[in-house]
Each structure stands twice: as C-alpha cells, then as structure tokens.
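K.L.:
In terms of the numbering used here, the sequence shown opens at residue 584 and continues consecutively.
The beta-carbon is built from N, C-alpha and C at its ideal position, and this holds for glycine as well.
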Amino acid sequence: MRLYTSLSRLRPALIIRFLLGILLPLIIIGVIAEDVLERQRFAFEVPTLLWVHAHATPMLTRLSLVLHTFGGPELMGGVFILIVLGLWFTHRRQQAVFALLGLGSAVTVAFAMKLLFNRARPALWPRLVVENGASFPSGHSTVAAALATFVALLAWRSRWRWPVLIVAVLYAFFMGYGRIVLGVHYPTDVLAGWLTGLACVLGAYSVLGVSLRALRLDHQEVKTDA
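(1) Work out the CA separation of residue 782 and residue 544 for me, nearest whole Å.
(2) Which whole-angstrom value is the C-beta distance of residue 779 and residue 720, which I expect to be below 8 Å?
(3) From residue 698 to residue 717, what distance separates their C-alpha atoms?
(4) For residue 587, I'd like the list of residues in its chain whose CB is within less than 8 Å of its CB, leaving aside the five on either flank, ordered along the chain.
(5) Buried or exposed: residue 688, going by 16 or more other Cβ atoms within 10 Å of its Cβ?
(6) Mapping the DSSP letters down to three states, classify residue 699 as helix, strand or coil.
(7) Can the beta-carbon of residue 736 be found closer than 8 Å to that of residue 788?
(8) Using 8 Å as the cut-off, can you tell me whether the region 665-682 makes contact with the region 704-712, which would need three or more C-beta pairs spanning the two stretches below that distance?
(9) In whole angstroms, what is the alpha-carbon distance linking residue 650 and residue 704?
(10) Sort 769, 620, 763 and 785 by Cα distance to residue 644 and report the nearest one.
(11) The alpha helix (DSSP H) that contains residue 673, what's its start and end?
(12) Taking 8 Å as the threshold (C-beta atoms), are residue 729 and residue 686 in contact?
(13) If the criterion is Cβ atoms closer than 8 Å, does the pair residue 654 and residue 751 meet it?
(14) Look at the alpha carbon of residue 601 and the alpha carbon of residue 741, and state the distance between them as a whole number of angstroms.
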C-alpha cells in the first residue's frame with residue numbers, strides 16, 4: 584500500500600523523464616551494444632556511410648572538421664573544468680555539482696564503453712582526420728549530447744528556453760553527423776553516444792533531486808552566518 588501511495592505521488596513529468604530520457608536510451612544502447620560485443624554488423628551502416636560521404640558538401644565537411652577540433656578531449660576537458668569552476672566560484676553550487684556529476688559521468692561511461700567493446704573504426708575512404716581510439720560509442724557525440732542536455736536544463740526556466748534548446752539540439756546533431764561525414768564513426772556509434780550523454784545528464788539530475796528552478800543561472804545560493 585505504501586509503495587502504491589509513493590508511486591501515485593510521482594509527477595507525470597518525472598515518469599516521462601525517466602521512461603524517455605533514461606530507461607529508453609539505456610534499452611537502445613543495450614540492444615546496440617549486444618551486437619557490437621558479438622562483432623555483428625548492422626546491414627544499414629555501410630550504405631549509410633557511403634551515402635553520407637557521397638552527398639557531403641565542402642561546407643559540411645569544413646563544419647565537421649571544425650566540430651572535430653572543438654569537440655576533442657583536450658578542448659572540451661578545459662570547457663568542462665571552466666564550467667564547474669565558474670559555477671562553483673559564483674556561488675552556484677548546485678549547478679556546479681550537477682555539471683560535475685552529469686558531464687563527468689558521461690565522459691567516464693563513454694571511455695569505459697570504448698575499453699569494453701573496442702570496436703574498430705570504419706575504413707571506407709581516406710580520412711581527413713586521424714583517430715586511433717575505439718569507435719563505440721562516439722566520444723564527440725556523447726560529450727555534445729551531455730553538454731546540450733545540461734545547458735538546456737539550465738535555461739529551461741528562462742525566457743531563452745527555446746532558442747537555447749534549438750541551438751543545443753543542432754550542436755549535438757551536427758557534432759554526431761560530422762563524425763559520419765568524416766568517416767570516423769558508424770551511425771550506431773553516434774546514436775549510442777547521443778543516448779549516453781542524454782541518459783547520464785538526466786540520471787544525474789534525477790539522483791541529485793534538484794529542481795529546474797534551482798538550476799537557473801540567475802539562482803545563487805545565499806550564504807548565511809551560523
């Protein structure tokens with residue numbers, strides 16, 4: 584009876600967020616990961632890669648190269664550190680902890696999955712960039728999705744909600760699509776990366792139990808003397 588009462592108090596938004604933002608991504612990642620672990624090929628991936636390569640414009644290729652550099656571990660690692668420290672030292676401690684847990688867990692999970700699955704990268708045409716690490720999941724896509732989700736949550740209670748959301752989604756999309764354009768990842772690598780970043784940040788949001796109102800950038804913790 585107590586369990587039923589507790590479940591009945593859950594807000595529909597919480598249930599939807601858990602089902603669509605955490606559980607469903609984990610299920611999809613699990614399905615993909617099982618085939619990757621067994622070294623099975625997805626029939627649609629090579630044709631998709633070849634089609635994208637054949638239709639890639641010079642502008643799209645240049646954009647993909649820019650995002651490749653911007654989304655690299657060195658630069659994004661610095662960005663993450665600046666985000667956490669910037670929030671912490673401006674007395675936005677909840678946001679800082681959320682950034683550390685959400686973004687940090689996404690990077691850690693992606694790195695662990697690369698070590699576990701050790702999927703070889705596609706080699707269908709001469710690459711414009713050198714990537715020697717494992718392919719699954721796409722680290723660039725994971726980090727982009729995590730950052731996009733984090734920023735969207737920060738802006739959700741502000742008047743900039745929709746512009747920020749649109750820019751965040753476009754950023755994550757083109758980061759992932761660019762990995763396919765450059766031929767350094769399979770489509771399932773990118774999809775798994777997107778879902779990993781999304782699930783990790785939403786999972787951190789749920790674990791910390793913070794509210795969207797508390798995550799607003801104009802919300803600061805008030806220090807009081809004991």
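P.N.:
So, from the data block:
(1) Within the shown structure, residues of the chain are numbered from 584 to 809, placing residue 544 beyond reach of any answer.
(2) By one-based count along the sequence shown, residue 779 stands at place 196. By one-based count along the sequence shown, residue 720 stands at place 137. Sure, about 6 Å apart at Cβ, within 8 Å.
(3) Here residue 698 refers to the residue found at position 115 of the sequence shown. Here residue 717 refers to the residue found at position 134 of the sequence shown. If I take the Cα positions, the gap works out to 7 Å.
(4) For the purposes of this step, residue 587 is identified with residue 4 of the sequence shown, where counting begins at 1. Any answer about residue 587 is weak, because its pLDDT of 44 lies below 50 and its placement is not dependable; what the coordinates show is given next. The answer is none, since no qualifying residue turns up.
(5) The residue you call residue 688 lines up with position 105 of the sequence shown. That one is buried.
(6) Residue numbering aside, residue 699 sits at position 116 when the sequence shown is read from its first letter. Helix.
(7) Taking the first residue of the sequence shown as position 1, residue 736 is located at position 153. Taking the first residue of the sequence shown as position 1, residue 788 is located at position 205. Yes, these two residues count as a Cβ contact at 8 Å.
(8) By the Cβ criterion, the region 665-682 is not in contact with the region 704-712, since fewer than three pairs of Cβ atoms, one from each stretch, lie closer than 8 Å.
(9) Residue 650 sits at position 67 when you count from the first residue of the sequence shown. Residue 704 sits at position 121 when you count from the first residue of the sequence shown. Straight-line Cα distance between these residues: approximately 19 Å.
(10) Taking the sequence shown and counting its residues from 1, the one referred to as residue 644 is at position 61. The residue with the shortest Cα to Cα distance from residue 644 is 763.
(11) Here residue 673 refers to the residue found at position 90 when the sequence shown is read from its first residue. Residue 673 -> no alpha helix (DSSP H), and no H or E assigned at all.
(12) Translated into positions along the sequence shown, residue 686 becomes position 103. Translated into positions along the sequence shown, residue 729 becomes position 146. Yes, these two residues count as a Cβ contact at 8 Å.
(13) Along the sequence shown, one-based indexing puts residue 654 at 71. Along the sequence shown, one-based indexing puts residue 751 at 168. Using a Cβ distance threshold of 8 Å, residue 654 and residue 751 do not count as a contacting pair.
(14) Here residue 601 refers to the residue found at position 18 when the sequence shown is read from its first residue. Here residue 741 refers to the residue found at position 158 when the sequence shown is read from its first residue. Their Cα atoms are separated by approximately 23 Å.
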